[in-house]
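Chemist: Sharing a structure with you now.
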């Protein structure tokens with residue numbers, strides 16, 4: 001049972017345009033969500049997070065939106081840069097669950113120059 | 114952000130031998146560390162959660178006798194793959210967290226590529 005889903009395995013975007021990465025979850029008990037960026041043969045790097053009491057969190061070019069009723073979150077990157085090309089994982093957590101993260105399957109983003 | 118290191122970064126071993134992977138938090142005290150494995154083009158799968166000074170909690174389907182986890186200090190956790198077999202070949206990643214800081218963020222190590230021949 002996949003509790004966190006990223007249905008798009010890949011996304012290609014032109015440099016300067018907006019990249020939108022989507023994530024859906026099934027467990028309504030999740031109350032904290034994170035996005036990580038990962039390069040091959042490296043560990044994930046934290047990008048941005050959001051708690052369930054908010055519907056938007058912004059940090060520079062990165063904005064995460066949370067729609068609790070739809071159990072959906074998205075990561076917007078604008079403007080996209082070639083250096084953003086990587087695999088992006090969303091992760092979900094329950095604050096009462098010893099901080100365990102449940103990861104989605106990832107979306108590979110390619111930003112074309 | 115905090116720095117987490119892993120050693121070795123890659124290792125090749127023969128079937129039947131044991132391999133130890135170290136995970137260190139370099140600039141903060143990690144009361145909780147996590148071990149993940151990732152198969153090619155797949156997600157990170159949580160294997161176990163270890164809290165300093167106590168036994169690890171393993172996820173369903175993970176053999177505790179095969180994947181021995183020790184978290185003896187606030188800066189070091191080790192994963193030992195015992196009697197390794199080719200199907201254990203994978204990318205193993207650790208992460209560290211400090212729940213006492215109020216942050217839910219996990220800081221990941223660079224990973225260890227294990228190849229069992």
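Protein chains in written order, with the working numbering: chain A, 1 to 113; chain B, 114 to 230.
Backbone N, C-alpha and C define an ideal beta-carbon position, used for all residues, glycine too.
Among residues of its own chain, excluding the 5 on either side of residue 59 of chain A, which ones have a beta-carbon nearer than 6 Å to its beta-carbon?
Modeler: 48
Chemist: What does the alpha-carbon distance come out to for the pair residue 194 of chain B and residue 125 of chain B?
Modeler: One C-alpha to the other measures close to 12 Å.
Chemist: When you compare the CB positions of residue 81 of chain A and residue 61 of chain A, do they come within less than 9 Å of one another, or not?
Modeler: yes
Chemist: Anything in the region 91-105 of chain A with a Cβ closer than 8 Å to a Cβ of chain D? List those residues in chain order, please.
Modeler: Among the protein chains of the structure shown, namely A and B, there is no chain D.
Chemist: So, does the CB of residue 220 of chain B fall closer than 9 Å to a CB anywhere in chain A?
Modeler: Residue 220 of chain B counts as touching chain A.
Chemist: Using the Cβ count rule (16 or more neighbours within 10 Å means buried), how would you classify residue 166 of chain B?
Modeler: exposed
Chemist: Tell me, to the nearest whole angstrom, how far the beta carbon of residue 56 of chain A is from that of residue 89 of chain A; I am working on the premise that it is less than 8 Å.
Modeler: Rounded, the Cβ-Cβ distance is 20 Å, inconsistent with contact.
Chemist: If the cut is a Cβ gap below 8 Å, which residues of chain A does residue 156 of chain B touch?
Modeler: 89, 103, 104, 105, 106
Chemist: Are at least three pairs of beta-carbons, each pair with one atom in the region 196-205 of chain B and one in the region 59-78 of chain A, less than 8 Å apart?
Modeler: no
Chemist: Going by DSSP, what residues sit across from residue 72 of chain A in a beta bridge?
Modeler: Bridge partners of residue 72 of chain A: A/24, A/67.
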